[in-house]
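Undergrad:
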Amino acid sequence: MAEEMLNPIGYGGKAEKPLAPRLSSLRGKTIALLDIGFPNSNVFLDRIETLLKDRYGVATIVRHAKPSPTRMAKPEVRQDILSRCHGVVEAVSS
Numbered sequence: 810m811a812e813e814m815l816n817p818i819g820y821g822g823k824a825e826k827p828l829a830p831r832l833s834s835l836r837g838k839t840i841a842l843l844d845i846g847f848p849n850s851n852v853f854l855d856r857i858e859t860l861l862k863d864r865y866g867v868a869t870i871v872r873h874a875k876p877s878p879t880r881m882a883k884p885e886v887r888q889d890i891l892s893r894c895h896g897v898v899e900a901v902s903s
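Sequential numbering of the sequence shown, starting at 810, is according to the working numbering.
1) Where does E858 fall in DSSP's three states?
2) Based on DSSP bridge pairs, tell me the residues matched to A900.
3) Tell me which same chain residues have a C-beta within less than 6 angstroms of the C-beta of R836, skipping the five on either side of it?
4) Can you say whether S850 is buried or exposed, counting buried as having 16 or more other CB atoms within 10 angstroms of its CB?
5) Could you compute how far the alpha carbon of P830 sits from the alpha carbon of H895?
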């Protein structure tokens, strides 16, 4: 499993860390879905979960939620994702 989470976005200029490598396949993997707290994010993530399992063969989905869109996920949530998951989808919806 990963030792740290990397942000794939970057913020102008040179990124301080390289982008996380893409997984070669999602089949059999454990993926975290992180609800960041916008209205209807859970509805969106429910659909993403179905697609990941049915279309891409994801074995396990781990669901977590942040306390609000502007706050970071709690350290124990980040650690759980890092220790159990091959990848994470952070969801925004409204």
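Just so it is clear, CB atoms sit at the ideal spot from N, CA and C, and this is done for glycine as well. As the structure is a computational prediction, the values presented were derived from the model and not from experiment.
TA: With the given structure in hand:
1) As a working note, residue 858 is residue 49 in the sequence shown. Look at E858 here: in three-state DSSP terms it is helix.
2) Residue 900 sits at position 91 when you count from the first residue of the sequence shown. Bridge partners of A900 according to DSSP: D844.
3) The residue you call residue 836 lines up with position 27 of the sequence shown. So the list reads G866, once near-sequence residues are dropped.
4) Working through the sequence shown from its first residue, we reach residue 850 at position 41. Counting of Cβ neighbours within 10 angstroms places S850 among the buried residues, the total reaching 16 or more.
5) As a first step, residue 830 must be located in the sequence shown, where it is residue number 21. As a first step, residue 895 must be located in the sequence shown, where it is residue number 86. Whole-angstrom Cα-Cα distance: 11 angstroms.
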